[in-house]
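The structure appears right after this line, and notes come after that.
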Amino acid sequence: MRQLILAFASAAQSIDANSWDRLMGKDNPFCQHAYFLSLEQSLSACAATGWRPHHLCVYDATGSEFAQEFEADIIISPKDAADYMALPLLALMPLYQKSHSYGEYVFDWAWAQAYERHGLEYYPKLLNAIPFTPVQGRRLGLSPTLLAEEAQQLSRVVFTCLNEQLANADAPMSSWHSLFVSSSQQALFAEASNHTALRRLSTQFHWHNRGYKDFEAFLAVLTSRKRKNILKERAQLQPYGLQYQFVAGADISSQQWQHFIECYQLTYLKRSGHRGYLTPTFFNMIAERLAEQIVLLVVSDAKGQMLAGALYFTGRNEQGQTCLFGRYWGSIVELEGLHFEACYYQGIEYCIAHGIDVFDAGAQGEHKVLRGFEPVALYSYHNIAHPDFKRAIAQFTEEEAAQMQVYMQQMCEVLPYKKGQ
Numbered sequence: 000m001r002q003l004i005l006a007f008a009s010a011a012q013s014i015d016a017n018s019w020d021r022l023m024g025k026d027n028p029f030c031q032h033a034y035f036l037s038l039e040q041s042l043s044a045c046a047a048t049g050w051r052p053h054h055l056c057v058y059d060a061t062g063s064e065f066a067q068e069f070e071a072d073i074i075i076s077p078k079d080a081a082d083y084m085a086l087p088l089l090a091l092m093p094l095y096q097k098s099h100s101y102g103e104y105v106f107d108w109a110w111a112q113a114y115e116r117h118g119l120e121y122y123p124k125l126l127n128a129i130p131f132t133p134v135q136g137r138r139l140g141l142s143p144t145l146l147a148e149e150a151q152q153l154s155r156v157v158f159t160c161l162n163e164q165l166a167n168a169d170a171p172m173s174s175w176h177s178l179f180v181s182s183s184q185q186a187l188f189a190e191a192s193n194h195t196a197l198r199r200l201s202t203q204f205h206w207h208n209r210g211y212k213d214f215e216a217f218l219a220v221l222t223s224r225k226r227k228n229i230l231k232e233r234a235q236l237q238p239y240g241l242q243y244q245f246v247a248g249a250d251i252s253s254q255q256w257q258h259f260i261e262c263y264q265l266t267y268l269k270r271s272g273h274r275g276y277l278t279p280t281f282f283n284m285i286a287e288r289l290a291e292q293i294v295l296l297v298v299s300d301a302k303g304q305m306l307a308g309a310l311y312f313t314g315r316n317e318q319g320q321t322c323l324f325g326r327y328w329g330s331i332v333e334l335e336g337l338h339f340e341a342c343y344y345q346g347i348e349y350c351i352a353h354g355i356d357v358f359d360a361g362a363q364g365e366h367k368v369l370r371g372f373e374p375v376a377l378y379s380y381h382n383i384a385h386p387d388f389k390r391a392i393a394q395f396t397e398e399e400a401a402q403m404q405v406y407m408q409q410m411c412e413v414l415p416y417k418k419g420q
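0 is the number of the first residue of the sequence shown in numbering that gives the first Met the number 0; add one for each residue after it.
Encoded structure:
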């Protein structure tokens, strides 16, 4: 029997980067240590912004000096995970103590309001997710050295620890939430939580590359009316003489980054009244740390002046498919159709040119459907400490799932593809 130490890390920096990436994988850029580290060190995701890091680490203490400190086989240590960095890391769950529900994209505001109406505190809660990033991926990292049975046992230990956090008298949490769990881990989450976690269905719209030779070949599989609509939408920008250039991460100049940040902040300011969740420092950090998985679309006028930009990431999903992730965009000009061009059509062209299988252009947006993006099912898992509220929320998620399935079917019926495509 292994002796295990469970400890919480107050920062991604407290966890060895190589160990993190060995467990969480490097195919998905948003699961990497460098991404979390940049979010936290840039003060985009920190206690002051309502994202207090609380990453759960499980270490193998068997035969170590730490094993002599306790008699039990499993112990939850009051020390920071940084104290155990020298031990082998067996499991990792990125966690945050949240004091609000912003930046999550699986909305539970109504749950929080129901708590408030009954004089109860919904916050803080525990969130297992990537801050500000509604991308499906691995939410529990397990050492590849573990046997299948060991991995299952260790997963149960992790979820038992999560549930104990809800009952912690010193710092109780109302609930824990694991968002956008990868399809390969959904059965694990259900089993490891002893099927007590509520499963919530949501949807996004992704574009799938079916071996198209070029954009015209993609248009050819659409109905005549939808094809004409897309051509008309793209044509309305032609009089402005815009230039579109994809720049690989390592080749993005500091001036281009600065222009992009200005575009991002201005667009957020117009839309939301603030300059965005992400600080300029965050972009500067990922420019250095994740350059190989970054592509920036630079949109310039006829004179070469940058007017807009869209930031993309490349990677793979757990089915081995190559993916393009459209994440952030911004513009200093108001041109009808520019958002669709920069964030959808240029991304589709990039996927076709580079043989990328899937284009995930971000959360929500049923307007993507008429442009060839198809609904995909995404699942999140939730456990609520209060038994009465859990029963009510369970009923809500069941009804919501039924409605979501109908909605997804309706979206499939209005896809622009010809029959048989």
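The beta carbon of each residue, even a glycine, is placed where N, CA and C say it ideally should be.
Specify the secondary structure class of residue i as computed by DSSP and reduced to three states.
| i | result |
| --- | --- |
| T195 | coil |
| R288 | helix |
| K302 | coil |
| P28 | helix |
| K269 | helix |
| V405 | helix |
| D421 | An answer regarding residue 421 cannot be provided, because it is not within the stretch 0 to 420 covered by the chain. |
| E373 | strand |
| I257 | A small fix is needed here, since residue 257 is Gln in this sequence, not Ile. In this structure, Q257 counts as helix in the three-state DSSP scheme. |
| L141 | strand |
| A168 | coil |
| Y343 | helix |
| Y416 | strand |
| F204 | strand |
| Y104 | coil |
| T278 | coil |
| A211 | The question names Ala, but residue 211 in the sequence shown is Tyr. Of the three classes helix, strand and coil, the one that applies to Y211 here is coil, per DSSP. |
| A90 | strand |
CB-CB under 6 Å to residue i, same chain, minus the five flanking residues each way: which ones, in chain order?
| i | result |
| --- | --- |
| M410 | V368 and P374 |
| Q242 | S299 |
| L442 | With the chain represented from 0 up to 420, any question about residue 442 goes unanswered, as that position is not in the structure. |
| N127 | M92, L94, R138 and S177 |
Along the beta strand (DSSP E) that carries residue i, what are the first and last residues, could you check?
| i | result |
| --- | --- |
| V294 | I293 to S299 |
| K78 | I73 to D79 |
| R51 | W50 to P52 |
| G325 | T321 to S330 |
| Y243 | Q242 to A247 |
| K97 | Y95 to K97 |
For residue i, which beta-bridge partners are listed by DSSP?
| i | result |
| --- | --- |
| W175 | L125 and N382 |
| I4 | Y58 and I74 |
| V180 | G136 and Y378 |
| C160 | Answer is none; C160 lacks a bridge partner. |
| E428 | No statement about residue 428 is possible, as the shown extent of the chain runs from 0 to 420 and does not include it. |
| H338 | Note: H338 sits in no beta bridge, so no partner. |
| T396 | DSSP, once it has assigned bridges, lists no residue as partnering T396. |
| R315 | T321 |
| G308 | V297 and G329 |
Give the range of the alpha helix (DSSP H) segment to which residue i is assigned.
| i | result |
| --- | --- |
| L86 | Looking at the DSSP string, L86 is not in any alpha helix (DSSP H), and its letter there is neither H nor E. |
| E232 | S223 to A234 |
| L218 | F214 to A219 |
| R21 | A16 to M23 |
Taking 8 Å as the threshold (C-beta atoms), are residue j and residue i in contact?
| i | j | result |
| --- | --- | --- |
| V357 | Q320 | yes |
| Y95 | S173 | no |
| L306 | S330 | yes |
| L323 | A309 | no |
| H54 | L91 | yes |
| R315 | G361 | no |
| A8 | P52 | yes |
| Q185 | L125 | no |
| L377 | Q135 | yes |
| L119 | H385 | yes |
| D359 | H205 | yes |
| Y239 | G102 | no |
| S98 | F106 | no |
Please work out which residues of its chain come closer than 7 Å, Cβ to Cβ, to residue i, disregarding the five sequence neighbours upstream and downstream, and give them in chain order.
| i | result |
| --- | --- |
| K25 | Q31 |
| F35 | A11 and P93 |
| L414 | V368 and E373 |
Only counting the same chain, and skipping five residues up and downstream in sequence, which positions put a Cβ closer than 8 Å to that of residue i?
| i | result |
| --- | --- |
| V57 | L3, I4, L5, L88, L89, A90, L91, L153, V156 and V157 |
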